[in-house]
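So, in structure tokens, the structure goes:
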């Protein structure tokens with residue numbers, strides 16, 4: 001999990017450290033040990049990651065690599081949740097909810113394929129080499145047009 005730089009847990013972290021998130025008896029939560037890892041990005045800024053993986057053989061550099069590998073997954077999740085409203089179901093039955101879920105996955109994948117094809121066409125056109133398809137616009141309009149058909 002990525003932590004904000006301003007919080008108390010990150011201020012004393014240089015490299016990595018193991019600390020305890022103190023539980024609250026009022027909410028019936030217990031203490032949780034966590035490992036905080038400082039990852040320096042290419043632009044020199046620091047990102048702080050919290051994990052429950054305490055194996056010291058998994059180095060800070062490995063976490064840095066994993067951090068960047070996870071972004072396509074996070075971006076897809078954001079797209080499904082925010083653009084395709086994946087968590088807002090209209091169906092009343094289990095089958096209807098599954099159908100809505102899978103049609104949203106299909107629409108998301110079709111949008112990505114269309115965007116990739118448009119980007120390829122734009123790259124091959126000498127007049128538009130710096131252009132790319134407007135992904136947010138595709139995400140906004142594609143589901144609307146598909147639902148109208």
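In the working numbering, the protein residues as written are 1 to 149.
Even for Gly, the Cβ is constructed at its ideal location relative to N, Cα and C.
Residue 45 - DSSP class collapsed to helix/strand/coil:
Taking the first residue of the chain shown as position 1, residue 45 is located at position 45. In this structure, residue 45 counts as coil in the three-state DSSP scheme.
Pop quiz: residue 97 and residue 89 are said to be a contact at Cβ under 8 Å. What is the actual Cβ separation, rounded to whole angstroms?
Numbered from 1 along the chain shown, position 97 holds the residue referred to as residue 97. Numbered from 1 along the chain shown, position 89 holds the residue referred to as residue 89. Contact holds; Cβ gap of about 5 Å.
Taking DSSP as the reference, what is the three-state secondary structure of residue 129?
Your numbering for residue 129 matches position 129 in the chain shown. Because residue 129 carries a pLDDT of 47, less than 50, the predicted location of this residue cannot be relied on, and no value is offered for it.
Residues that DSSP places opposite residue 155 in a beta bridge
The structure shown has nothing for residue 155, since the chain only spans 1 to 149.
Secondary structure, alpha helix (DSSP H): runs of 4+ residues fully inside the segment 48-94:
60-69 and 71-78
I'd like to confirm the pairing. Which residues does DSSP put opposite residue 103 in its beta bridges?
For the purposes of this step, residue 103 is taken as the residue at position 103 of the chain shown. Its beta-bridge partners do not exist; DSSP assigns none.
Using only the alpha-carbon positions, how far apart do residue 18 and residue 57 sit?
Counted from its first residue, the chain shown places residue 18 at position 18. Counted from its first residue, the chain shown places residue 57 at position 57. Going by the C-alpha atoms only, they are around 15 Å apart.
Let's test the definition: count the other Cβ atoms within 10 Å of the Cβ of residue 109 and tell me whether it reaches 16, buried, or not, exposed.
Working through the chain shown from its first residue, we reach residue 109 at position 109. Residue 109 is exposed by the Cβ-count criterion.
Where residue 53 and residue 42 are concerned, what is the direct C-alpha to C-alpha distance, given to the nearest angstrom?
Taking the first residue of the chain shown as 1, we reach residue 53 at position 53. Taking the first residue of the chain shown as 1, we reach residue 42 at position 42. Going by the C-alpha atoms only, they are around 24 Å apart.
Beta-carbon contacts of residue 15 that lie in its chain and below 7 Å, excluding the five residues immediately before and after:
On the chain shown, residue 15 is found 15 positions in, with the first residue counted as 1. Contacts found: 38 and 60.
Please report the straight-line C-alpha distance between residue 24 and residue 116, rounded to a whole angstrom.
Taking the chain shown and counting its residues from 1, the one referred to as residue 24 is at position 24. Taking the chain shown and counting its residues from 1, the one referred to as residue 116 is at position 116. Taking the straight line from one Cα to the other gives about 49 Å.
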